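Per the UniProt record's numbering, the sequence shown starts with residue 1, numbered consecutively.
The C-beta atom is built at its ideal place from N, Cα and C for all residues, glycine as well.
Quick caveat, the model's predicted, so the values are computed rather than measured.
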Amino acid sequence: MNARAALFDLYGDHLRSRGGKASVAALVRLLAPLEIAAPAVRTAVSRMVRQGWLDRARLPQGPGYVVTPKCVRRLDEAALRIYRAGTIKWHGRWHLIVLEPVRERARRERLRADLAFLGYAQLSETTWVGPRPSPELDPLLAHEGIRADRFEAVLDGDPRELVARAWDLEAIGRAYEQWLTDAQELVGGLPDGAPDAQVFAIRSRLLHGWRNFLFRDPGLPSELLPPGWPGEKARAFFEQEAARLMPSAAAFVDKELL
């Protein structure tokens, strides 16, 4: 887990509900149980400011950083998918977007990563498809200055064939199985009565591993997934353990924010 990823997890899972702000000193203390050094925290924060995720702020505790509207949208979108409640309804319609060509390689790679995070798969150089519109799509395209045509489409054919072509479900399923094995070992190593800082670190690593699936799993409706989809068993374990460990993790965060 690098410092930037840890900061996104920290803001999304704890600080977003506490006003979305923290002093520099508090950020350093909060990431210390993850063995992330102070210089790495400060470097990552500076990078997130340049990228428009954080703004500098003067807080009673000293210099700090607060989430930007762009960051709030990203964190809220991620939270909906991380802590998905119930089954997502699907009405058989796909969200299709056709982008204007992007010539700059760095910009094209950045856009590809962001669209994958929002649950879209690339069908061609300029055409992307997702199981539903993402509320973060418009702000993303506006920020990049890219025009796109958008359609709600009904596939003329078997939607499972489209899914098989657009996403590698076999690889995603294997990743879920591996994550579950690793997560059970991670949580199982936590002793009874562990200090809050240690619980916070374990829960943070659990969340970080789970959050990585936002870049791989588009959140397809159940009718498009294979029988016995391993993602469901993995999700049940994550939700159970994340909830069980939250009180101690939250207590650590509250203490270090003072």
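Exposed unless 16 or more other CB atoms sit within 10 angstroms - verdict on residue i
i    : result
L258 : exposed
P33  : buried
H143 : exposed
E77  : buried
E241 : buried
K233 : exposed
V45  : buried
G19  : exposed
V154 : exposed
Minimum C-alpha distance to residue i - residue among the options
i           : options                : result
G193        : L15, E77, P247, S17    : P247
residue 265 : D158, L137, D156, G157 : An answer regarding residue 265 cannot be provided, because it is not within the stretch 1 to 258 covered by the chain.
L118        : P60, L99, L206, F215   : F215
E100        : L111, G19, H91         : L111
G219        : H208, L190, G231       : G231
G92         : S17, L162, D168        : L162
D55         : W210, C71, V253        : C71
D9          : R160, V49, R74         : R74
T43         : A3, V67, R174          : A3
D217        : P131, L15, P69         : P131
E152        : L141, R16, A249, I97   : I97
A79         : F237, I202, R105, L15  : L15
A250        : S204, P226, W210       : S204
R50         : P135, T68, D156, E170  : T68
E256        : L30, Y11, E223         : L30
A121        : D196, A166, N212       : A166
Residue i, enclosing alpha helix (DSSP H) - first and last residue
i    : result
K255 : 230-257
H95  : No alpha helix (DSSP H) contains H95, which is instead part of the beta strand (DSSP E) from 94-99.
D9   : 3-10
Y176 : 169-188
V135 : In the sequence under discussion, the amino acid at residue 135 is Pro, which differs from the Val named in the question. Note, P135: premise wrong, no alpha helix (DSSP H); not H, not E.
F151 : Run containing F151: none in the alpha helix (DSSP H); it sits in the beta strand (DSSP E), 148-153.
G209 : 196-211
A22  : Looking at the DSSP string, A22 is not in any alpha helix (DSSP H); the run it does join, the beta strand (DSSP E), is 21-23.
Those residues which DSSP pairs with residue i across a bridge
i    : result
V102 : V102 is not bridged to any residue.
R56  : Y65
For residue i, the first and last residue of its enclosing beta strand (DSSP E)
i   : result
T43 : No beta strand (DSSP E) holds T43; the alpha helix (DSSP H) holding it covers 38-50.
Could you tell me whether the segment 16-25 touches the segment 54-63, where touching means 3 or more Cβ pairs closer than 8 Å?
-> Between the segment 16-25 and the segment 54-63, the count of Cβ pairs shorter than 8 Å is three or higher; the stretches touch.
Touch test, the segment 76-83 against the segment 174-185, Cβ-Cβ under 8 Å, three pairs minimum | The segment 76-83, when compared against the segment 174-185, does not touch it at the 8 Å Cβ threshold.
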